[in-house]
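> Using numbering that gives the first Met the number 0, the letters of the sequence shown map in sequence onto residues 0 to 237. Handing you this structure, nothing more for now.
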Amino acid sequence: MRQLAIRTAAICTCILMQCEVSRDCRAELTITLTQLPMNRVEISWSGFGTIMGGPFTALGDLDFFDALGISPFQPTIADDGSGFGQDYLLETSSTPLTLTVNPNQPGEVSRTFDTARLDRDIVAGSGDISSDFSLLSPDNSAQLITFGSPYQVSGSATIAEEILELDGGDGNPVLGGVLNFSDLNPGTYDGFTGASADLFGGMTLQIVAASIPEPAAALFGSLVCGVLGLRRGRRVAS
């Protein structure tokens, strides 16, 4: 048994070393949009890997797009005439969306994102749907990173109001309504290609509906808890 345990530990150590050296077993970059109460939407992302662009790549705003295909967005998400789609603020979070290149190494670059951009267009002539998803940073400077650099992403935030105008004349943006989960099509969308998706070796977009109980079921559950509590109280009193 002891020899088996030693061999198992050695195999695991070898696998971990191979992952560290080759990074072929990297996690996929995944962005998840999850339904919250009141039909709100939370955005989170996870993953790590190796920068696939280069030899030098400008790291700025991230534009993931699926050139053609079934759209993750309802027709309510459409180009507002600006040519860029609809921009939504991300509420301040203790764990903001963060991308780090060369983590814990010399030359580490870290960037946070405060805006999500959604776009759904009909391609003129063909009638096909083109979908875009972007993350924008308050620091819009483009920093250069090299091909083969390791990266990791983390964080989450609630998607808040739409930015109708960057400056309403008083230095503050003009805001509209919040993004509703009903504006999205639940499912998993693989194969986002082009721009930043290629930079990270591909990206998956997940849209997840929450298991929110129906009002009648919630009311029934409250009644059951109330009856059980009343019976327990009577037993204690007796």
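All residues carry an ideal CB built from backbone N, CA and C; glycine is no exception.
Looking at D60 and L134, is the spacing between their C-beta atoms short of 8 Å?
Against a cut-off of 8 Å, the Cβ pair of D60 and L134 comes out as a contact.
> Within the same chain, show all residues whose beta-carbon is closer than 6 Å to that of F180, passing over the 5 residues directly before and after it, in chain order.
Same-chain partners within the cutoff: Q34, N38 and V40.
> Shortest alpha-carbon distance to I42 belongs to which of F55, L88 and T192?
The residue with the shortest Cα to Cα distance from I42 is L88.
> Take F47 as the anchor and find which of S129, I76, T97 and D86 has the nearest alpha-carbon.
Among S129, I76, T97 and D86, the Cα nearest to that of F47 belongs to T97.
> Exposed or buried, V122, counting other C-beta atoms within 10 Å across all chains shown (16 or more means buried)?
Per the 10 Å Cβ criterion, exposed.
> In chain order, what residues of the same chain have a beta carbon less than 6 Å from the beta carbon of R110, not counting five sequence neighbours either side?
Excluding sequence neighbours, R110 sits near L98 and S136.
> For Q142, tell me which candidate among P102, E107 and P185 has the shortest Cα-Cα distance.
Minimum Cα distance to Q142 is reached at E107.
> When you compare the CB positions of S184 and Q73, do they come within less than 8 Å of one another, or not?
Looking at the sequence itself, residue 184 is Asn, so the reference to Ser does not match. Yes, they are a contact pair.
> Considering Cα atoms alone, identify which of I76, A208 and D113 is closest to G154.
Considering only alpha carbons, the answer is D113.
> Where do the ends of the beta strand (DSSP E) carrying L61 lie?
L61 to D65 is the extent of the beta strand (DSSP E) around L61.
> Determine the DSSP secondary structure at D169, reduced to helix, strand or coil.
D169: coil per DSSP, three-state reduction.
> With distances taken Cα to Cα, identify the nearest neighbour of N101 among A194, S130, T94 and L58.
Of A194, S130, T94 and L58, the residue nearest in Cα terms is L58.
> For D131, which of I206, E27, L32 and G193 has the nearest alpha-carbon?
Ranking I206, E27, L32 and G193 by Cα distance to D131 puts G193 first.
> Considering only the alpha carbon of each residue, which of I206, R116, L178 and D182 lies closest to D189?
Checking every option, the nearest Cα to that of D189 belongs to I206.
> What residue range is occupied by the uninterrupted alpha helix (DSSP H) comprising A196?
Element bounds for A196: S195 to L198.
> Going along the chain, which residues of its own chain have a beta-carbon closer than 6 Å to the beta-carbon of A77, five neighbours each way excluded?
The residues are R119.
> Would P54 be called buried (16 or more neighbouring beta carbons within 10 Å of its own) or exposed?
Per the 10 Å Cβ criterion, exposed.
> Output yes if chain C places a C-beta closer than 8 Å to the C-beta of N38; else output no.
Within the model displayed, chain C is absent; a lone protein chain is all it includes.
> In whole angstroms, what separates the C-alpha of E90 from that of S125?
Cα to Cα, E90 sits roughly 38 Å from S125.
> Based on DSSP bridge pairs, tell me the residues matched to D108.
A quick correction: the sequence has Val, not Asp, at residue 108. DSSP output for V108 lists V100 as bridge partner(s).
> Which residue comes first and which comes last in the beta strand (DSSP E) that contains Q73?
No beta strand (DSSP E) holds Q73; DSSP gives it neither H nor E.
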